[in-house]
Amino acid sequence: MLDGWAREKIDPGLGAMAGRLAAAGIGANAITWTGLGLGLVAAAAIAFGHFWIGLALILASRLCDGLDGAVARLQGKTDYGGYLDIVLDFAFYGAVPLGFILADPTQNAIAGAVLLLTFYVNGASFLAYAVMAEKRGLATEARGEKSLFFTTGLAEATETLAVFALMCLLPQWFAALAYLFAAVTFYTTVSRIVLAARRFG
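What follows is the structure, given as C-alpha coordinates:
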(Lines of atoms letter the chains of each structure in order from A; the text may use other names.)
(Lines give C-alpha, C1' and ligand atoms only; values in the text may rest on other atoms or scores of the structure.)
Protein backbone atom coordinates (compact mmCIF):
# COMPACT_ATOMS: atom_id res chain seq x y z
CA MET A 529 0.00 0.00 0.00
CA LEU A 530 2.83 2.42 0.85
CA ASP A 531 5.34 1.27 -1.75
CA GLY A 532 4.38 4.00 -4.25
CA TRP A 533 4.78 6.73 -1.62
CA ALA A 534 8.07 5.25 -0.42
CA ARG A 535 9.47 5.07 -3.94
CA GLU A 536 8.87 8.79 -4.46
CA LYS A 537 10.88 9.54 -1.33
CA ILE A 538 13.84 7.22 -1.86
CA ASP A 539 14.24 6.92 -5.64
CA PRO A 540 16.38 10.07 -6.07
CA GLY A 541 18.86 8.88 -3.45
CA LEU A 542 18.87 5.34 -4.81
CA GLY A 543 19.48 6.67 -8.30
CA ALA A 544 22.55 8.59 -7.18
CA MET A 545 23.98 5.59 -5.32
CA ALA A 546 23.19 3.29 -8.23
CA GLY A 547 25.11 5.55 -10.60
CA ARG A 548 28.24 5.21 -8.49
CA LEU A 549 27.87 1.44 -8.19
CA ALA A 550 27.29 1.01 -11.91
CA ALA A 551 30.30 3.20 -12.69
CA ALA A 552 32.40 0.97 -10.43
CA GLY A 553 31.32 -2.06 -12.44
CA ILE A 554 29.17 -3.61 -9.70
CA GLY A 555 26.33 -5.57 -11.27
CA ALA A 556 22.70 -5.68 -10.20
CA ASN A 557 22.73 -9.44 -9.57
CA ALA A 558 25.72 -9.11 -7.22
CA ILE A 559 23.76 -6.52 -5.23
CA THR A 560 20.73 -8.85 -5.14
CA TRP A 561 22.85 -11.69 -3.72
CA THR A 562 24.44 -9.30 -1.22
CA GLY A 563 20.98 -8.29 -0.06
CA LEU A 564 20.05 -11.91 0.55
CA GLY A 565 23.31 -12.53 2.40
CA LEU A 566 22.67 -9.58 4.69
CA GLY A 567 19.11 -10.78 5.26
CA LEU A 568 20.23 -14.27 6.21
CA VAL A 569 22.83 -12.89 8.62
CA ALA A 570 20.08 -10.68 10.06
CA ALA A 571 17.91 -13.74 10.64
CA ALA A 572 20.83 -15.49 12.34
CA ALA A 573 21.46 -12.48 14.57
CA ILE A 574 17.79 -12.43 15.55
CA ALA A 575 17.88 -16.18 16.27
CA PHE A 576 20.69 -15.53 18.78
CA GLY A 577 18.81 -12.64 20.37
CA HIS A 578 20.78 -9.78 18.80
CA PHE A 579 17.71 -7.86 17.66
CA TRP A 580 19.32 -4.45 17.13
CA ILE A 581 22.01 -6.00 14.94
CA GLY A 582 19.27 -7.86 13.12
CA LEU A 583 17.42 -4.61 12.48
CA ALA A 584 20.51 -2.88 11.10
CA LEU A 585 21.20 -5.80 8.78
CA ILE A 586 17.55 -5.92 7.65
CA LEU A 587 17.73 -2.24 6.69
CA ALA A 588 21.01 -2.84 4.82
CA SER A 589 19.46 -5.81 3.04
CA ARG A 590 16.47 -3.77 1.89
CA LEU A 591 18.77 -0.99 0.73
CA CYS A 592 20.34 -3.56 -1.58
CA ASP A 593 16.84 -4.57 -2.70
CA GLY A 594 16.23 -1.02 -3.83
CA LEU A 595 19.64 -0.57 -5.38
CA ASP A 596 19.65 -3.69 -7.55
CA GLY A 597 16.73 -2.49 -9.64
CA ALA A 598 18.19 1.00 -9.96
CA VAL A 599 21.52 -0.43 -11.13
CA ALA A 600 19.75 -2.78 -13.53
CA ARG A 601 17.96 0.13 -15.16
CA LEU A 602 21.34 1.75 -15.81
CA GLN A 603 23.18 -1.37 -16.99
CA GLY A 604 20.30 -3.04 -18.80
CA LYS A 605 17.61 -5.23 -17.28
CA THR A 606 17.58 -8.99 -17.83
CA ASP A 607 14.86 -11.58 -17.28
CA TYR A 608 17.23 -13.54 -15.05
CA GLY A 609 17.84 -10.47 -12.91
CA GLY A 610 14.11 -9.96 -12.45
CA TYR A 611 13.65 -13.64 -11.64
CA LEU A 612 16.52 -13.62 -9.14
CA ASP A 613 15.20 -10.50 -7.42
CA ILE A 614 11.80 -12.08 -6.75
CA VAL A 615 13.14 -15.46 -5.61
CA LEU A 616 15.70 -13.99 -3.21
CA ASP A 617 13.15 -11.49 -1.87
CA PHE A 618 10.90 -14.38 -0.88
CA ALA A 619 13.84 -16.11 0.76
CA PHE A 620 14.45 -12.96 2.82
CA TYR A 621 10.80 -12.65 3.80
CA GLY A 622 10.79 -16.22 5.08
CA ALA A 623 14.16 -16.02 6.87
CA VAL A 624 13.33 -13.15 9.23
CA PRO A 625 10.26 -14.77 10.86
CA LEU A 626 12.25 -18.00 11.09
CA GLY A 627 14.88 -16.10 13.05
CA PHE A 628 12.27 -15.06 15.60
CA ILE A 629 10.91 -18.61 15.81
CA LEU A 630 14.40 -19.94 16.55
CA ALA A 631 15.00 -17.17 19.09
CA ASP A 632 12.06 -18.33 21.23
CA PRO A 633 10.25 -21.41 19.86
CA THR A 634 7.93 -21.68 22.86
CA GLN A 635 6.49 -18.19 22.44
CA ASN A 636 6.94 -17.60 18.71
CA ALA A 637 6.59 -20.89 16.83
CA ILE A 638 2.83 -20.95 16.22
CA ALA A 639 2.54 -17.25 15.41
CA GLY A 640 5.59 -17.48 13.15
CA ALA A 641 4.16 -20.50 11.37
CA VAL A 642 0.87 -18.68 10.75
CA LEU A 643 2.75 -15.68 9.36
CA LEU A 644 4.88 -17.87 7.09
CA LEU A 645 1.74 -19.62 5.81
CA THR A 646 0.16 -16.32 4.83
CA PHE A 647 3.44 -15.21 3.20
CA TYR A 648 3.49 -18.44 1.21
CA VAL A 649 -0.10 -18.14 -0.02
CA ASN A 650 0.25 -14.42 -0.71
CA GLY A 651 3.41 -15.04 -2.72
CA ALA A 652 1.61 -17.69 -4.76
CA SER A 653 -1.28 -15.31 -5.45
CA PHE A 654 1.16 -12.59 -6.52
CA LEU A 655 3.18 -14.80 -8.85
CA ALA A 656 0.17 -16.57 -10.36
CA TYR A 657 -1.44 -13.22 -11.09
CA ALA A 658 1.77 -12.04 -12.76
CA VAL A 659 1.79 -15.15 -14.98
CA MET A 660 -1.82 -14.66 -16.07
CA ALA A 661 -1.25 -10.94 -16.66
CA GLU A 662 1.76 -11.73 -18.86
CA LYS A 663 -0.30 -14.31 -20.75
CA ARG A 664 -2.88 -11.63 -21.54
CA GLY A 665 -0.30 -8.97 -22.39
CA LEU A 666 -1.20 -6.75 -19.46
CA ALA A 667 1.24 -4.14 -18.16
CA THR A 668 1.41 -1.74 -15.24
CA GLU A 669 3.87 0.72 -13.73
CA ALA A 670 1.91 1.21 -10.52
CA ARG A 671 5.08 0.30 -8.61
CA GLY A 672 7.56 1.60 -11.16
CA GLU A 673 9.28 -0.28 -13.94
CA LYS A 674 9.33 -3.96 -12.94
CA SER A 675 10.22 -7.26 -14.58
CA LEU A 676 6.88 -8.78 -13.56
CA PHE A 677 3.33 -7.52 -13.35
CA PHE A 678 3.01 -6.09 -9.83
CA THR A 679 -0.41 -6.11 -8.23
CA THR A 680 -0.71 -3.65 -5.37
CA GLY A 681 -2.09 -4.60 -1.98
CA LEU A 682 -2.40 -3.76 1.69
CA ALA A 683 0.73 -5.77 2.56
CA GLU A 684 3.68 -4.78 0.38
CA ALA A 685 7.42 -4.40 0.88
CA THR A 686 7.20 -1.16 2.86
CA GLU A 687 4.65 -2.55 5.32
CA THR A 688 6.64 -5.76 5.70
CA LEU A 689 9.82 -3.83 6.45
CA ALA A 690 7.99 -1.71 9.02
CA VAL A 691 6.62 -4.81 10.76
CA PHE A 692 10.02 -6.52 10.78
CA ALA A 693 11.52 -3.36 12.31
CA LEU A 694 8.84 -3.31 15.02
CA MET A 695 9.53 -6.97 15.75
CA CYS A 696 13.21 -6.19 16.26
CA LEU A 697 12.44 -3.21 18.46
CA LEU A 698 9.77 -5.07 20.45
CA PRO A 699 10.72 -8.76 20.23
CA GLN A 700 8.48 -9.59 23.19
CA TRP A 701 5.53 -8.56 20.99
CA PHE A 702 6.53 -10.77 18.06
CA ALA A 703 3.54 -13.12 18.37
CA ALA A 704 0.97 -10.32 18.45
CA LEU A 705 2.64 -8.50 15.55
CA ALA A 706 2.90 -11.75 13.57
CA TYR A 707 -0.80 -12.54 13.99
CA LEU A 708 -1.76 -8.98 13.08
CA PHE A 709 0.39 -8.88 9.97
CA ALA A 710 -0.75 -12.38 9.01
CA ALA A 711 -4.30 -11.03 8.96
CA VAL A 712 -3.20 -8.08 6.79
CA THR A 713 -1.36 -10.42 4.45
CA PHE A 714 -4.35 -12.77 4.25
CA TYR A 715 -6.59 -9.83 3.37
CA THR A 716 -4.16 -8.87 0.59
CA THR A 717 -4.33 -12.42 -0.76
CA VAL A 718 -8.13 -12.48 -0.72
CA SER A 719 -8.33 -9.08 -2.43
CA ARG A 720 -5.96 -10.30 -5.15
CA ILE A 721 -8.06 -13.45 -5.68
CA VAL A 722 -11.17 -11.28 -6.03
CA LEU A 723 -9.33 -9.05 -8.50
CA ALA A 724 -8.22 -12.12 -10.50
CA ALA A 725 -11.78 -13.43 -10.58
CA ARG A 726 -13.00 -10.14 -11.99
CA ARG A 727 -10.23 -9.76 -14.56
CA PHE A 728 -9.58 -13.37 -15.60
CA GLY A 729 -12.88 -15.03 -14.85
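Numbering of the sequence shown is given in our numbering, commencing with residue 529 and proceeding in unit increments.
Ideal Cβ placement from N, Cα and C applies to all residues, glycine included.
If I measure Cβ to Cβ from Ala546 and keep anything under 7 Å in the same chain, skipping five residues before and after, which residues do I get? Counting from 1 along the sequence shown, the entry for residue 546 is found at position 18. If we look at Ala546 and ignore the five residues flanking it on each side, its Cβ neighbours are Leu595, Ala598, Val599, Leu602.
What is the residue span of the alpha helix (DSSP H) that Trp580 lies within? Start at 1 with the first residue of the sequence shown, and residue 580 comes out as number 52. That run of the alpha helix (DSSP H) goes 579-603.
When you compare only the Cα positions, how much space is there between Gly609 and Ala556? If you number the sequence shown from 1, residue 609 lands on position 81. If you number the sequence shown from 1, residue 556 lands on position 28. In this structure, the straight-line span from the alpha carbon of Gly609 to that of Ala556 is close to 7 Å.
Check the C-beta distance from Leu616 over to Leu564 and give it rounded, since I have them as a contact under 8 Å. Position 88 of the sequence shown, counted from the start, is the residue given in the question as residue 616. Position 36 of the sequence shown, counted from the start, is the residue given in the question as residue 564. In this structure Leu616 is in contact with Leu564, their Cβ atoms being roughly 4 Å apart against a cut-off of 8 Å.
Confirm the yes/no value for this check: CB of Cys696, any heavy atom of the ligand SAM, distance under 8 Å. Among the components of this structure there are no ligands whatsoever, and the ligand SAM is therefore not found.
Could you please give the first and the last residue of the uninterrupted alpha helix (DSSP H) stretch that includes Ile629? For this step, residue 629 is matched to residue 101 along the sequence shown. 607-631 is the extent of the alpha helix (DSSP H) around Ile629.
Between which two residues does the alpha helix (DSSP H) holding Leu708 run? Within the sequence shown, the letter at position 180 stands for residue 708. Per DSSP, the unbroken alpha helix (DSSP H) holding Leu708 starts and ends at 702-728.
Cutting at 8 Å between CB atoms, please list the residues of its own chain near Leu585, excluding the five before and the five after it. Working through the sequence shown from its first residue, we reach residue 585 at position 57. Spatial neighbours of Leu585 in its own chain (CB-CB distance under 8 Å, excluding positions within 5 residues in sequence) are listed in chain order as Leu566, Gly567, Val569, Ala570, Ala573.
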